[in-house]
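Mapped onto UniProt numbering, the consecutive letters of the sequence shown carry residue numbers 1 to 54.
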Amino acid sequence: MTYRLFLISVILLKNLKLEIVKKECNCEMEKFMEQILDDMKFLKKQNYTLKNYI
1 MTYRLFLISV ILLKNLKLEI VKKECNCEME KFMEQILDDM KFLKKQNYTL
51 KNYI
């Protein structure tokens, strides 16, 4: 009986850990996407300034 409880608790803890890692990963991905969008906006501005000089 205690062995079963132990196994169940280990499985639950692993699932919880996976959820935490998944949330951290999503957070990192959001930051990465924001950085890409900022870079694209910057490049768009640079492109407009280049057109003005040509």
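Using N, Cα and C, we set each Cβ at its ideal position, and we do this for glycine too.
Pairwise C-alpha distance: residue j and residue i
i	j	result
L37	N26	16 Å
F32	K41	14 Å
L12	Q35	35 Å
E28	Y3	37 Å
K45	E30	23 Å
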